[in-house]
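Only one structure is covered here, and it is reproduced in the block below.
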Amino acid sequence: MHWAMAGGVIGIIGTAKAAQNTKVDAEKAKYMWVHKSLGLMMAGLIVPRAVLRVMTRDPRPLPGPTVQHYAGALSHGVLYFLMAGLPLSGIVMGYFSGRGLPFFWTSIPGAAKPQGDIAKRAFFLHQKMGQALEIMTILHVSAAAIYHKLIMRHSIFKRIL
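Going by numbering that gives the first Met the number 0, the first residue of the sequence shown is number 0, and it counts up by one from there.
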């Protein structure tokens, strides 16, 4: 499930960045349709992912100082929070804006009576959590790929499978 979540996160960040960097409204709309669809898909995946995480035993910690183990646990906790909070804030934003929630080939209707205040608050939270997810993704990949694999020569990728 790690790689499914990772693919979703990368797709979501990529489509959001593409939408932000295009001037053509039709292109922006397509990127956002995919972004929102992937977000809803991730909302459906986070629950089984979290259950799997709780139900399975963690691999033994890699060699290293205690502070490094605490940092790893904290960063994973933050990533789980963001992977749950971002879809939730996106759903709240889409529903209460009245626009609804696009999901690939279909769409879930929004509120019949939009509540802009709630949608704006959800948008603010969504933006801030999105920025945090970008930073955490970079840190997570850097820690795994650069530090653990290249510097420490740990077999980190075998542990993720």
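The C-beta atom is built at its ideal place from N, Cα and C for all residues, glycine as well. Quantities reported herein were computed from a predicted structural model and do not represent experimental measurements.
Beta-carbon gap between residue i and residue j smaller than 8 Å
| i | j | result |
| --- | --- | --- |
| residue 34 | residue 15 | yes |
| residue 118 | residue 88 | no |
| residue 41 | residue 76 | no |
| residue 12 | residue 132 | yes |
| residue 162 | residue 44 | One cannot answer for residue 162 here, as it falls past the ends of the chain, which runs 0 to 160. |
| residue 128 | residue 81 | yes |
| residue 140 | residue 121 | no |
| residue 149 | residue 74 | no |
beta-carbon residue i near the ligand COA non-hydrogen atom, thresh 7 Å
| i | result |
| --- | --- |
| residue 117 | The ligand COA is not part of this structure, which contains no ligands at all. |
Residue environment, residue i, which counts as buried when at least 16 other CB atoms sit within 10 Å
| i | result |
| --- | --- |
| residue 94 | buried |
| residue 36 | buried |
| residue 64 | exposed |
| residue 100 | buried |
For residue i, three-class secondary structure by DSSP
| i | result |
| --- | --- |
| residue 51 | helix |
| residue 65 | helix |
| residue 60 | coil |
Residue i - containing alpha helix (DSSP H), residue span
| i | result |
| --- | --- |
| residue 9 | 1–19 |
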